[in-house]
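Residues in the sequence shown are numbered from 1 upward in steps of one, following the UniProt record's numbering.
Working notes, structure below.
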Amino acid sequence: MSHNFRFLEEKWEVLARVGETAERNVYENPNVTISELRKFAETITKCILALENIREEKGTDQQERLKVLFYDQIIPKEIYDLFTVIRLKGNLAVHNPSYGEVEEAKALLHMAFRIAVWFMEVYGDWSFEPPAYVEPVPRAKMREEELQRVIQLYEQKLSKLETELEKMRTEQLYVSSEEKQKRREISQRAVIDMELTEAETRLLIDQQLQQAGWEADSEKLRFSKGVRPQKGRNMAIAEWPLRNGYADYALFFGLELVGIIEAKRASKDIPSDIEQAKEYAKSVIRHGNEIIHEPWGDYFVPFLFATNGRPYLKQLEQKSGIWFLDARKSTNHPRPLQGWYTPQGLKELLDQDIERSEQLLRDEKFDYLKLRPYQVKAIQAVEKALEEKKRNMLIAMATGTGKTRMAIGLVYRLIKANRFRRILFLVDRKALGEQAEGAFKESKLENFLTFTEIYHLQSLYDQKPDNETRVHIATVQGMLKRIFYNDRAEDVPPIDQYDCIIVDEAHRGYTLDKEMDEVELQFRDHQDYVSKYRKVSTILTLFASG
């Protein structure tokens, strides 16, 4: 029996067996290891669904299972990310028998062990003391007939497991809400102290960069393996040499060096690594035909990142998230991001001249907007706060005082000055979205033209914005579906799809509301309502009005 997965044997023998097969093959047949880990992860998610009394629809795949568990806050983001990497790598291994490297298989095995420990702590034994992970040692290669026998045994046990899962679902009908809440608390505590190795961290970062549209593979796309930037490709090249060290990743638009990433293991404080990235940005040297920018002050690279692959948590601010610094201006400060910029988003940020936009706003007259003095003051307060680098603002105005008209005037000025490229106008009811769309179409601005006669606006019935869209109206429910229940990974909105969010009626709570349509009923309660707004708003910059 595998040393690392032995603790599963008493309660979940089938998981222990699959873990054993994966571990035994890690050196001699990494493809088998990665394929078995995919199976291992799928089986655990089936168990979790049963233990939470969530019934699977026929034909549900692993991606759908994970979306359900994450959306309902049953698995934390850290565990979701580990599952996702194993799912994607497992898919590659299953569909390509030659896929798989030993080092990658070892890192994935360690990830699976972490998932297993979390699973045991939450659903097995709340007093469980996990064993230390032991690096696997080479063993005799599993013969083909032995491997087939193990696979056949797994299939037999899996069919029995289906019966056991149904029994688990029935038992969960009698589990108290207090016990379920206890699970959530243990789940969160279990991941706080989770310290990934550097190899695991690189796998997570590779996957995150790939999802954002970069070519990234820290094992294969390395400078030492002859990889160089190429025209027409957006690449994250690992271990890029500098005058005084190596950048963990260098980001290129074609031949143009635009970013440096410092990637460290999860236990390190991340902001300190931004300081290291700043030193690297000063010591760039040319190795071939790559394009190096003229320096902004001391820095030859405009955008600096530091991360450990861990999702951002306010309570673990120094040890989580992707920390980002726009090094082009000395007054900019590092800030955490929820995800990676796409190549297109970073290009647009590079082309943006915020100082010029701010000057245009200072010079722009208000006359044609025909606003009341207090509406003008509200807009001026927002624009001043933006100059002061504030990222979250709230405007409070009484009912009937023209919030929507003020918001349209503000949006028009921000778009006209190119202070923001695309604004998301977020509402919680279809009726509010339709009302806002009507106001954008009817309110006269410059030269007696409406907003929609000047700029492109998309309504809440449009799933995603076009390239030329400047304002997109959407419901929070619709955005949540795009983020968590999207069948196509490429359609999930990246963090730079919108560079500003305006939340309409931000004060609204459900306790006082007498009428809710079928969309609003998707919120369980006021706390759920606030939670879901935060899930969407933390993707991007947030500005709220209400």
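Glycine included, C-beta positions come from ideal geometry on N, C-alpha and C.
A check of alpha carbon separations from GLN211 across MET397, ASP504, ILE495 identifies ILE495 as the nearest. The Cβ-Cβ distance between LEU251 and ALA263 does not fall below 8 Å. Under DSSP, no beta-bridge partner is assigned to VAL376. No Cβ-Cβ contact shorter than 8 Å links PRO465 with ARG482. DSSP assignment within the segment 215-282 yields the following whole alpha helix (DSSP H) runs of 4 residues or more, N-terminal first: 271-282.
For GLN63 and ARG362, the gap between their C-alpha atoms comes out near 48 Å. Rounded to whole angstroms, the gap between the alpha carbons of HIS287 and GLU275 is 24 Å.
If you ignore the 5 residues before and after SER330, its C-beta comes within less than 7 Å of the C-beta of GLY297, all in its own chain and listed in chain order. Taking a cut-off of 8 Å for Cβ pairs, the segment 51-65 and the segment 168-178 touch, as three or more such pairs fall below it. The way I'd put it, the segment 124-135 doesn't touch the segment 85-93; fewer than three beta-carbon pairs between them come closer than 8 Å.
Boundaries of the beta strand (DSSP E) harbouring LEU337: 335-337, taken from the DSSP string. Under the criterion of beta carbons closer than 8 Å, SER443 and ILE408 qualify as touching, at roughly 5 Å. Counting C-beta pairs closer than 8 Å gives three or more between the segment 419-429 and the segment 472-479, which meets the contact rule. For HIS472, the uninterrupted beta strand (DSSP E) run begins and ends at 469-475, by DSSP. Annotated three-state conformation of TRP296 is strand, per DSSP. ARG421 is a Cβ neighbour of GLU348, given a cutoff of 8 Å. As the crow flies, the alpha-carbon of ILE74 is around 16 Å from that of VAL117. The alpha carbon of LEU255 has as its nearest neighbour, out of ASN234, LYS377, LEU69, GLU162, the alpha carbon of ASN234. Of all C-beta pairs linking the segment 100-115 to the segment 24-41, three or more are shorter than 8 Å, placing the two stretches in contact. Excluding the 5 residues flanking it on each side, THR342 has same chain C-beta neighbours closer than 7 Å at ALA212, GLY213, PRO494, ASP496, in chain order.
For CYS500, the pairing in a beta bridge is given by DSSP as ILE423. Straight through space, the alpha carbons of ILE395 and GLU505 are spaced by roughly 10 Å. Going by DSSP, PHE451 is part of the alpha helix (DSSP H) stretching over 451-454.
As computed with DSSP, THR307 is found in a beta bridge with ALA263, ILE322. By the Cβ neighbour-count rule, VAL85 is buried, with 16 or more other Cβ atoms within 10 Å of its own. Taking the C-beta atoms as reference points, ASN308 is found nearer than 8 Å to ILE270.
Taking PRO97 as the centre and dropping the five residues before and after it, the same chain places the C-beta of ASN31 closer than 7 Å to its C-beta, in chain order.
The C-beta distance from SER224 to ARG202 rounds to 14 Å, too long to fall under 8 Å, and the pair is not in contact. Between TYR412 and LEU445 the beta-carbon gap is near 6 Å, inside 8 Å, which marks them as a contact. Annotated as proximal: ALA417 and SER357, with beta-carbon spacing under 8 Å. Counting other Cβ atoms within 10 Å of its Cβ, LEU109 reaches 16 or more and is therefore classed as buried. Linking GLY259 to GLY339 through their CA atoms gives a straight-line distance of about 15 Å. TYR123 sits buried, since 16 or more C-beta atoms from the chains shown fall within 10 Å of its C-beta. Closest in alpha carbon position to VAL68, among LEU480, ASP499, TYR498, is LEU480.
Judged by DSSP in its simplified three-state form, GLN211 adopts helix.
Collapsing the DSSP output to three states places MET194 in coil.
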